[in-house]
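Engineer:
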């Protein structure tokens with residue numbers, strides 16, 4: 013069954029090119045990027061800052077359109093986002109934030125509260141249902157934004173540097189949560205990150221992007237077995253892969269420094 | 013035998029005692045602040061009373077508080093104060109509500125539609141720069157000496173303050189929130205009601221607070237020059253008749269109206285934006 017699923021693509025991007033205009037000048041952000049997301053796969057996207065990886069994620073999610081190239085979505089594809097700064101609605105309580113997507117989808121109050129409550133408990137926010145996001149810590153806000161995404165039962169989860177704003181300890185905790193949740197639900201995930209550890213630990217494959225204009229420089233499969241834990245970071249395969257990625261990225265970062 | 017409970021006490025007590033002490037300390041400080049806040053004006057009033065009744069300051073200009081109080085009672089009994097208060101409140105509330113509501117609607121529209129903003133925003137900014145009270149004579153020419161020009165000056169100042177604040181509010185909503193709203197299926201009307209409006213509310217209430225204060229200034233100034241009723245008229249008229257005690261009553265009543273109006277705005281704000289209340293308390 014999993015073999016068959018592996019062949020089913022949910023998103024197919026072909027030769028995506030994106031040009032931005034800032035202060036009247038055109039900037040080439042993405043240059044002919046190809047990307048295919050298979051059902052049930054976890055893809056990590058890593059690259060130097062400003063390489064256009066967030067832009068690629070937004071194009072994949074359909075909230076931004078490419079300047080050139082085609083993007084195909086499988087039929088009636090449900091997409092959910094976890095944003096970099098969480099983008100929680102400050103005027104909604106924890107419960108209402110989680111329930112927002114369901115409300116917009118027309119799910120009735122009782123049903124959406126039941127499903128939201130379930131996810132609030134799953135991410136460990138039980139007891140905070142009536143709290144507003146402002147009163148939560150960074151880690152809790154992140155859990156909330158993960159619950160808000162998962163509750164809509166999306167086919168694809170797009171995460172844009174979700175741990176970017178967290179301290180190291182919280183980041184580790186949430187990574188463990190994410191591994192657990194992903195292994196339970198097997199959602200298709202595209203994760204944009206600048207942490208090599210995170211990319212390997214969570215992903216089935218790691219895509220390394222070049223400096224701007226962004227292209228996919230390498231696509232590396234992660235051979236670590238699941239279920240995974242933080243201890244896999246000491247596995248020799250992990251270390252070897254990390255070394256490969258560091259070398260790839262190092263060249264890119266050096267080159268982008270020189271061109272500046 | 014006594015050692016076991018003793019260690020338990022030692023382990024628990026210092027923390028509990030410290031917590032106790034600190035909560036007592038903060039309660040004492042809060043009580044002291046409250047007492048100081050009330051006592052200071054009371055003491056000043058008493059000093060004023062003593063100074064003016066002993067002739068230390070001129071009682072004709074600085075009427076003793078007790079005299080002001082009895083004047084107030086008289087003015088309430090003969091209906092002058094209640095009538096002036098009623099008419100001022102009417103001008104204030106009607107102008108504030110109508111002008112404010114129009115300002116909110118227009119400001120939101122200007123915030124959303126770039127074309128409208130380009131066409132009207134510079135014009136409104138220029139008009140706002142003209143002190144509203146300066147337009148009063150023109151309004152008197154157009155509408156005659158009725159209630160309309162007085163209410164319109166109040167409405168004008170409320171309109172401009174809210175138009176500017178609501179527009180800024182729409183434009184300063186975190187674009188990530190709009191994007192998150194869209195990504196979770198809020199489009200068109202739903203995006204407007206579920207993301208745009210709640211996101212603009214804090215700016216709207218900032219506008220309402222400012223507009224409430226300015227509206228009171230404008231209504232008072234209008235009544236100084238172009239009315240024969242209202243609290244502004246009461247103050248102005250008592251200057252012309254040299255009745256400082258009535259003037260004080262008028263001034264105090266105007267201040268009370270201001271306190272009540274901003275109090276109502278504040279109450280509504282807390283009602284409508286429970287999230288910002290929690291934030292403010294932290």
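Protein chains in written order, with this note's numbering: chain A, 13 to 272; chain B, 13 to 294. Each residue gets a CB set at the ideal place from its N, CA and C atoms; glycine is no exception.
From residue 148/B to residue 162/B, what distance separates their C-alpha atoms?
Structural biologist: Roughly 8 angstroms between the two C-alpha positions.
Engineer: Starting from the beta carbon of residue 73/A, find every residue of chain B whose beta carbon is closer than 9 angstroms, and list them in chain order.
Structural biologist: Those are 195, listed as they occur along chain B.
Engineer: Please work out which residues of its chain come closer than 8 angstroms, Cβ to Cβ, to residue 209/A, disregarding the five sequence neighbours upstream and downstream, and give them in chain order.
Structural biologist: So the list reads 245 and 254, once near-sequence residues are dropped.
Engineer: Within this structure, are the beta carbons of residue 287/B and residue 102/A separated by less than 8 angstroms?
Structural biologist: A contact, by the Cβ cut-off of 8 angstroms.
Engineer: Checking the sheet assignment: what are the DSSP bridge partners for residue 230/A?
Structural biologist: Its beta-bridge partners are 220/A.
Engineer: Let me know if residue 279/B comes out buried or exposed under the rule of 16 or more other beta-carbons within 10 Å of its beta-carbon.
Structural biologist: Its Cβ having fewer than 16 others within 10 Å, residue 279/B is exposed.
Engineer: Residues of chain A with a CB under 7 angstroms from the CB of residue 198/B: which are they?
Structural biologist: Residues of chain A passing the Cβ test: 116.
Engineer: Compare the C-beta of residue 188/B with all C-beta atoms of chain A and state if any pair is closer than 8 angstroms.
Structural biologist: Yes, residue 188/B counts as interfacial toward chain A.
Engineer: To the nearest angstrom, report how far apart residue 213/A and residue 241/A are at their CA atoms.
Structural biologist: Cα to Cα, residue 213/A sits roughly 8 angstroms from residue 241/A.
Engineer: Return the residue from the list 166/B, 234/B, 101/B and 110/B that minimises the CA-CA distance to residue 140/B.
Structural biologist: Measuring from the Cα of residue 140/B, the nearest candidate turns out to be 166/B.
Engineer: Provide the residue span of the beta strand (DSSP E) that contains residue 38/A, from first to last.
Structural biologist: Residues 37 to 50.
Engineer: Below 8 angstroms CB to CB, which residues in the same chain sit around residue 153/B once its five sequence neighbours on both sides are set aside?
Structural biologist: Same-chain partners within the cutoff: there are none.
Engineer: Given residue 182/A, which residues of its chain have a CB within under 6 angstroms of its CB, disregarding the five upstream and five downstream residues?
Structural biologist: Taken in chain order, the residues that qualify are 151.
Engineer: Tell me residue 24/A's beta-bridge partners as DSSP assigns them.
Structural biologist: According to DSSP, which records beta bridges pairwise, residue 24/A is partnered with 48/A and 84/A.
Engineer: Please tell me whether residue 73/B and residue 256/B are closer than 8 angstroms, where the distance is taken between their beta carbons.
Structural biologist: Yes. Within cutoff.
Engineer: Going straight from the alpha carbon of residue 76/A to that of residue 172/A, what length do you get?
Structural biologist: Looking at the two C-alpha atoms, the distance is approximately 14 angstroms.
Engineer: Can a CB atom of chain B be found closer than 8 angstroms to the CB of residue 113/A?
Structural biologist: For residue 113/A, the answer is yes, since a Cβ of chain B falls inside 8 angstroms of its Cβ.
Engineer: Given that residue 99/A touches chain B, what residues does it touch there, using C-beta distances under 8 angstroms?
Structural biologist: Neighbours of residue 99/A on chain B, chain order: 186, 188, 189, 191 and 192.
Engineer: Using a Cβ-Cβ distance under 8 angstroms, would residue 162/A count as near chain B?
Structural biologist: Cβ-Cβ to chain B under 8 angstroms: no for residue 162/A.
Engineer: Please name the residue, chosen from 190/A, 224/A, 215/A and 247/A, that lies closest to residue 263/A on a Cα-to-Cα basis.
Structural biologist: Among 190/A, 224/A, 215/A and 247/A, the Cα nearest to that of residue 263/A is on 224/A.
Engineer: Spatial neighbours of residue 238/B within its chain, please: CB distance less than 8 angstroms, with the 5 preceding and 5 following residues excluded, ordered by chain position.
Structural biologist: Once the five neighbours on either side are set aside, the close Cβ partners of residue 238/B are 148, 152, 157, 161 and 162.
Engineer: Give me the Cβ distance between residue 238/A and residue 43/A, rounded to the nearest whole Å; I'm assuming they're in contact under 8 angstroms.
Structural biologist: That pair is no contact at about 34 angstroms.
Engineer: Strictly under 8 angstroms for the Cβ-Cβ distance: is residue 248/B near chain A by that measure?
Structural biologist: With 8 angstroms as the cut-off, residue 248/B does not count as an interface residue toward chain A.
Engineer: Quick one: Cα of residue 200/B to Cα of residue 159/A, how far?
Structural biologist: Answer to the nearest angstrom: the Cα atoms are 25 angstroms apart.
Engineer: Beta carbons nearer than 7 angstroms to chain B: which residues of the segment 80 to 111 of chain A have them?
Structural biologist: Those would be 93, 95, 97, 99, 101, 102 and 103, in chain order.
Engineer: In this structure, what does DSSP give as the bridge partners for residue 56/A?
Structural biologist: For residue 56/A, which the question treats as bridged, DSSP gives the partners 203/A and 218/A.
Engineer: Check for me: the alpha helix (DSSP H) holding residue 253/B runs from which residue to which?
Structural biologist: Per DSSP, residue 253/B belongs to no alpha helix (DSSP H) and is neither H nor E.
Engineer: Expressed to the nearest angstrom, what Euclidean distance is found between the alpha-carbon atoms of residue 53/B and residue 123/A?
Structural biologist: If you take the alpha carbons of residue 53/B and residue 123/A, they lie about 57 angstroms apart.
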